[in-house]
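Q: Chains as they are written, first to last, in this note's numbering: chain Y, 11 to 351; chain F, 11 to 351; chain L, 11 to 351; chain A, 11 to 351.
Ideal Cβ placement from N, Cα and C applies to all residues, glycine included.
(1) Could you check whether the Cβ of residue 251 of chain F sits closer than 8 Å to any heavy atom belonging to the ligand SAM?
(2) Among Y:287, Y:296, Y:289 and Y:290, which one has its Cα closest to the Cα of residue 276 of chain Y?
(3) How far does the beta strand (DSSP E) with residue 153 of chain L in it extend, from its first residue to its last?
(4) DSSP puts residue 7 of chain Y in a beta bridge; with which residues?
(5) Beta-carbon separation of residue 416 of chain Y and residue 82 of chain Y under 9 Å?
(6) Assess, as a yes-or-no matter, whether the segment 319-335 of chain A is touched by the segment 283-292 of chain A under the definition of 3 or more beta carbon pairs within less than 8 Å.
(7) According to DSSP, what are the bridge partners of residue 159 of chain A?
(8) Where do the ends of the beta strand (DSSP E) carrying residue 326 of chain F lie?
(9) Run through DSSP, which three-state label would residue 79 of chain A get?
(10) Which residues in chain L sit within 9 Å of residue 329 of chain F, going by Cβ to Cβ distance?
(11) Suppose the cutoff is 6 Å on Cβ atoms and the five residues either side in sequence are ignored; what does the same chain contact list for residue 225 of chain A look like?
(12) I'd like the ranges of any beta strand (DSSP E) spanning at least 3 consecutive residues and lying wholly in the segment 202-271 of chain L.
(13) DSSP state of residue 317 of chain A, grouped into three classes?
(14) Roughly how many whole angstroms lie between the Cα atoms of residue 147 of chain A and residue 214 of chain A?
(15) Measuring CB to CB, does residue 218 of chain Y end up less than 9 Å from residue 102 of chain Y?
(16) With C-beta atoms as the reference, is residue 336 of chain A less than 9 Å away from residue 60 of chain L?
(17) May I ask which residues mark the beginning and end of the alpha helix (DSSP H) holding residue 347 of chain F?
(18) Closer than 9 Å, CB to CB, is residue 102 of chain A near chain L or not?
(19) So is residue 23 of chain F buried or exposed if we call it buried at 16+ other beta carbons inside 10 Å?
(20) Rounded to the nearest angstrom, how far is the Cβ of residue 339 of chain Y from that of residue 57 of chain F, given a contact under 8 Å?
(21) Less than 6 Å between C-beta atoms, sequence neighbours within five positions excluded: which residues of the same chain meet that for residue 150 of chain F?
(22) Is residue 228 of chain L near residue 170 of chain L, with beta carbons less than 9 Å apart?
(23) So the candidates are Y:38, Y:63, Y:182 and Y:76; which of them puts its Cα closest to the Cα of residue 247 of chain Y?
(24) Evaluate contact between the segment 253-273 of chain Y and the segment 80-96 of chain Y, counting only Cβ atoms and requiring at least three cross-stretch pairs below 8 Å.
(25) Can you name the start and end residues of the beta strand (DSSP E) that residue 109 of chain Y belongs to?
(26) Interface residues of chain F around residue 92 of chain Y at Cβ under 7 Å?
(27) To be precise: take each residue of the segment 152-172 of chain L, compare its Cβ to all Cβ atoms of chain Y, and keep it if any distance is under 7 Å. Which residues remain?
(28) At what residue ranges does the segment 281-316 of chain F contain a whole run of the beta strand (DSSP E), taking only runs of 3 or more?
(29) Looking at the C-beta of residue 300 of chain L, does it have a partner C-beta in chain A at a distance below 9 Å?
(30) Against chain L, which members of the segment 32-66 of chain F pass a CB distance test of less than 9 Å?
(31) Roughly how many angstroms separate the alpha carbons of residue 260 of chain L and residue 104 of chain L, rounded to a whole number?
(32) Write down the C-beta distance between residue 301 of chain L and residue 301 of chain Y rounded to the nearest angstrom, noting that I regard them as a contact closer than 8 Å.
(33) Can you name the start and end residues of the alpha helix (DSSP H) that residue 46 of chain F belongs to?
(34) Can you give me the C-alpha to C-alpha distance between residue 249 of chain L and residue 111 of chain F, rounded to a whole angstrom?
(35) Please state whether the Cβ-Cβ distance between residue 97 of chain L and residue 37 of chain A is less than 9 Å.
(36) What do you get for residue 74 of chain L, buried or exposed, if any count of 16 or more other CB atoms within 10 angstroms of its CB means buried?
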């Protein structure tokens, strides 16, 4: 709509622009996730990023020589993302897991037969003090729209006391050694009892020798229980004791990939590992709801990580800004499909 | 972890809590979107909302007596969501469309053979002044990661002058009459030429007698062109001229549904129609990235709309807080699948 | 922490980096807003943007030859931002206002003595269906944490019928002519009655000959009332009728500035005016909660607007990503303070 | 606009609504922050929350018997918020600090004379790979719009080696003991040298016997340096060693308050302390950009914390959803002002 709009000016030489037209996504009954992913690839904005995330994830999973560091923050286990992560471990797609004490707590609760629950139908979006007071009286903890009856924490405590603390010993151990014991105990309970359908993330990691790093383990019910144990025994946790193993893994990787769900400590810990190695990530995918504009690391772009040398400057990287409970199943399903081709 | 943690207190009577356990979502290669949707239904947080949105959308599409009002804001057409909406119109799932002049502008550009483009591969997330200055020099407009060469606006202007303004006449017409003429012209160009693969939203609406309301039509290149025309002819647009038809549609509906993509004018206009009818929406789905915490209507919960009488207090409603370019294809694919069962 | 960390490598030549150290913001009892603004200027992330927004706003207000286009979206009037905008008009800092029908509706309700209310103390953050059902029964409309008893809409209707529609006539008029009549009526009621403390935005605009553009006026209770009037009289609104005046203002400006609060139609309409003038904005400030990552215009960076030619490539521009009910008072107070120096 | 709009129905009995009208915020040159805070109190949406946060913070600071737990996440030190927190410690308003290793790293860098820098003027919002590659080449790390030359990390390493690790010894120590040594070293360097203007947070905490908890200390450059030290000496960090002290502080508090800036580990760790005490927080203020809709703990409402028993059900609590670099100075300045009255 410039002055010369009726006789278009000669098109200028274009270097900042190339010719890759956006198509029109189409959907239909009966379509597969792989077909949906292809439609996302036609589209722009976040859909384009999902398609690219599927491609990059497919590449990092396919490559035999690529070591995958997986960061899992947020309330992903209470939200039902547990089996997806456990299956990725079982299928050999995760070489090291960095997560929170909270996810490990809720993973163990499910492993021993506990259950998280959908928010009551009559109060689907409830978010007010009066209702939370009622939940308090009824001894139910709320995680957004997920509810957990408090008695499961007592069962979790028993599990730790009888199955984990007895074997982990009376000394200071690295955090990854403790999470490994937890995984072993979760797996064994599952073998003995038939309650749970899936022994979960820690059990899968134990059985497949994948280390679980939980740098902020104190910051969880699991951490509080560990502290209670340390009050009555020689047991404690060495905060630095498992860092060499993780850093060695990064150091020795021919090629390395970061897949981070949410921000927080898991994201930063996965990325910072590259600060003490000569290399940097060759692939990186992040699924987050945090925006870069707050300046926090959780929402920071993967480009910012290039300035620190955490990503190779030519790394294949993509950020998807959307609820990870939606995008994690989608991206993993799409990537697994690519592996079959 | 209360004082009585080793001997759990008797579980209190629970009314605010029911027993609907969260399952563990699982994904696999080759799975269908319907299977993925079922997995979302097992999960919590946003995934649960996607599953519920699919169910509610399936219901609103299936019900013959339900009138569906569809709000389309944001850069949905530039982002490649055009064929999804056009197909929904063709399949009879949309009874009235409320959208922006911008979406109609970009819909017409594609209808006459213009193309939007993916951001240059070398600059996948570029978002800085230096690059935008280069785009300015190269006469390319940027919409986040979607690029549009400016010459398409000149072709769009020619299309309007030769195909629309000639027939629309020399008087003040309702906006919906003007958007209908645009749809007719888009359809006819498509019949004559073989460039575009899909004549698009306005053409589909024309062919299926679905009205397109664009209350803020001035606020777009389409609106600027209409204004230029009004300067040299008797043509103008009546801002109120098509409101009776929309309100009548709401008034006469046995049952009514709102499906809103993004916020802004399309969302509010769809909802406010119920302020002048005795009824209110029986179904409502919104896909948005705007958070309620800003207090704006765009991110407002559908519960808030109940206080106004825009939704029935017992309406089936669900909000999905995530990028709509990701959730729109997903929810529509899932809902279409349900119709086949 | 590179290999050579104990003997730092020679610092490379630095062009992308300059030496402007971040200071440490300090605060104290009794400090002024101007002092706080100076502290923000020491800081980074969003605080730095607030300081810069104050500077740019101070410049645009100070410059006699700069024409200021002010966009006001969101629920700013219900949220109590009404007097700030009205005062800016009275002080000559706004040359054209683009806003929503909703803000004009709520501005008029306050002008005739109506009141919005704080959310009940006992339910400070309530946001659930059960409570909204109660509000519905009690005939109170909710806008996030702001409540409005519905009888005010009846008084507003009477005001329009008795004070506005009688004088506005029986023909199709431009929207800005209608909003001007509304402003006149608000001002006159205020002169006759002593209820309201401030006649508000539309009255101030009327008294200072500042045009109010409301492109999506249909999309509001004001618009619904206009439509009802059009059903029983020859009155209607011309959607294009005031665009020439706005575009002329932009065309004739020696220098121009955009100050946009929130996104939506007001933001885009302010910016698009430059598409039909040879110039572009020399100054731009936006206060928004919308993130760029959704691809929508509401959260789009001001850099993106450069690619379209809406901003001069060397325009002074700044975006503040935070709740505008917090930042608008802060930025305006800081800018007014700069004018006194 | 109901059917009976011209003869308003009798107003129903209203229990869910009370009569506390919203005023109109006004601003002017020369106003104080306290005056601005009073204007926020008139307003709605986020402004109302800022006013309430100032009141609650004023109360928690004023009350002699209230123990204040302060959580500091995000890039608050790089962003220039360091002196505000240090001053609060010096003035006795913080009894325990929970923060990240990153904030302690950047606090120490400033304590030894290092400087963070504002983003280059010519690239104010740059956020793309090409620019980050240049920063990488120029050895400058980027934190959103804050830049840090990498040589400061080498100086930080020297500081740790010469001033901290020598004195901290050859054994496993609690994290809070290590952060205390860091504070001592920062304070001493500051006494010896005249470079820094403010020895900072850790130094102030050391001098006023305020413990600093950093549960995820490994997840930072400080943590990487600690790990390097542990490789060549008997030094290590006990992850559980300082939890008793923190929990005792909560247990013994007559009244307790949580002030959390950002989410992540600091927020959760401050809140979870109440899981092992019979009491719960009586006051809580959170300043965050994270929305509750993601389901993560970072954006979770303080109501959700009531269901867990982390807050008393009748606690005075308020959440401000906006950039904390803007709201922290504002809320603290407002609260300090209230203390003077």
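A: Put simply:
(1) This structure lacks the ligand SAM, and indeed carries no ligand of any kind.
(2) Y:296
(3) 150-153
(4) Lying outside 11 to 351, the shown extent of chain Y, residue 7 of chain Y is not represented and no answer is given.
(5) For residue 416 of chain Y there is no data in the structure shown, the boundaries of chain Y being 11 and 351.
(6) yes
(7) A:150
(8) 321-331
(9) strand
(10) Neighbours of residue 329 of chain F on chain L: none; closest Cβ ~11 Å, over 9 Å.
(11) 275 and 279
(12) 246-248 and 265-271
(13) The answer is helix: DSSP assigns residue 317 of chain A an H, G or I state.
(14) 36 Å
(15) yes
(16) Between residue 336 of chain A and residue 60 of chain L, the CB-CB gap stays under 9 Å.
(17) 334-349
(18) no
(19) exposed
(20) 7 Å
(21) 157 and 159
(22) no
(23) Y:182
(24) yes
(25) 106-109
(26) 34
(27) none
(28) 291-298
(29) no
(30) none
(31) 13 Å
(32) Taking 8 Å as the upper bound for CB-CB distance, residue 301 of chain L and residue 301 of chain Y are in contact here, some 4 Å apart.
(33) 43-52
(34) 13 Å
(35) Yes, the pair counts as a contact, with Cβ atoms nearer than the cut-off.
(36) exposed
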